[in-house]
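Read the structure below first, then the notes.
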Amino acid sequence: MKFLNILSLAAAVVYAAPAADPAPVELASELEARQLSSTRNDLQNGNSANCPKVILIYARGSTEVGNMGSTAGPALASALESAYRNNIWIQGVGNAYTADLSPTSSPPCPNAAIVSGGYSQGTAVVGNAVSELSSSVQDKVKGVVLFGYTKNLQNLGRIPNFSSTKTKVYCAVGDAVCYGTLFILPAHFFYATDAATTAPIWLRGRIG
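Take the sequence shown: its letters are residues -16 to -1, 1 to 192, numbered as in mature numbering (1 follows the signal peptide of the UniProt record, and there is no 0).
Here it is as structure tokens:
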């Protein structure tokens, strides 16, 4: 299922059945192990008995490992999990941006806020998917962060057909992909700090 379907699925999950009781407290060692992982399938494997406050759906760069990548993805996940502990699910998108998700395999979590993010080619995947969502589904997406946005120049620093107030673009000085080229320069690999600091703070503000 493509990234667009995952976002639509997440919104359907949020719209569905009544909220469950909060999840049990997670051990610090278990949380740390999850934060360091390059593959996350919390939405795919989730249980409606442990519905979170937040669902993050993230698209890695096309050549990165796992479905979260090795730079911005894990950094963003780690920062958000430090804030929300066991009250957030992380779903990565990899393997040519596909995932085996279906409404029958995903739990209902009506009160969860959806946020999204992407790095490098993953930003184009996120942007395209979000722009194609219906307005009712877009309403469920609280915020989107894009690191090294490959369509930054083309789309004038925003996601088409999506609120600019819900979009945060990070383009490093010297990152050529943000300025309409496909040249990968060293600056393209320096988004981990933004992903670990300002981006999660901004998303938390959007989530409320």
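Backbone N, C-alpha and C fix where the C-beta goes; we use that ideal spot for every residue, glycine too.
For residue i, does the three-state DSSP call read helix, strand or coil?
i: residue 193; result: Since the first and last residues shown for the chain are -16 and 192, residue 193 lies out of range.
i: L15; result: With a pLDDT of only 47 at L15, under 50, the local geometry of the prediction cannot be trusted, and no value is derived from it.
i: F146; result: coil
i: A7; result: At A7 the pLDDT is 43, less than 50, meaning the model places this residue with poor confidence; the figure from the coordinates comes in the next sentence. If DSSP states are grouped into helix, strand and coil, A7 belongs with coil.
i: S66; result: helix
DSSP puts residue i in a beta bridge; with which residues?
i: V121; result: The partner list for V121 (beta bridge, DSSP) is empty, contrary to what the question assumes.
i: L40; result: I74, V99
i: Y154; result: F131
i: N25; result: Q75
Write down the C-beta distance between residue i and residue j rounded to the nearest angstrom, noting that I regard them as a contact closer than 8 angstroms.
i: V161; j: G132; result: 6 angstroms
i: G101; j: L60; result: 6 angstroms
i: N51; j: G30; result: Their Cβ separation, rounded to whole angstroms, is 15 angstroms, which puts N51 and G30 out of contact at 8 angstroms.
i: V99; j: V114; result: Contact doesn't hold; Cβ gap of about 11 angstroms is too wide.
i: S21; j: V49; result: Actually they are not in contact, since the Cβ atoms of S21 and V49 sit about 10 angstroms apart, beyond 8 angstroms.
i: K150; j: R190; result: 7 angstroms
Is residue i close to chain D? Criterion is C-beta to C-beta, closer than 9 angstroms.
i: G111; result: Looking at the structure shown, chain D is missing, and only one protein chain is on hand.
What residue range does the alpha helix (DSSP H) around residue i cover?
i: N112; result: 105 to 115
i: R190; result: 182 to 191
i: E48; result: Element bounds for E48: n/a, residue is neither H nor E.
Under 8 angstroms: do the segment 28 to 39 and the segment 60 to 68 share three or more Cβ pairs, one atom per stretch?
yes
Does the contact criterion of 3 or more C-beta pairs under 8 angstroms hold for the segment 170 to 188 versus the segment 42 to 59?
yes
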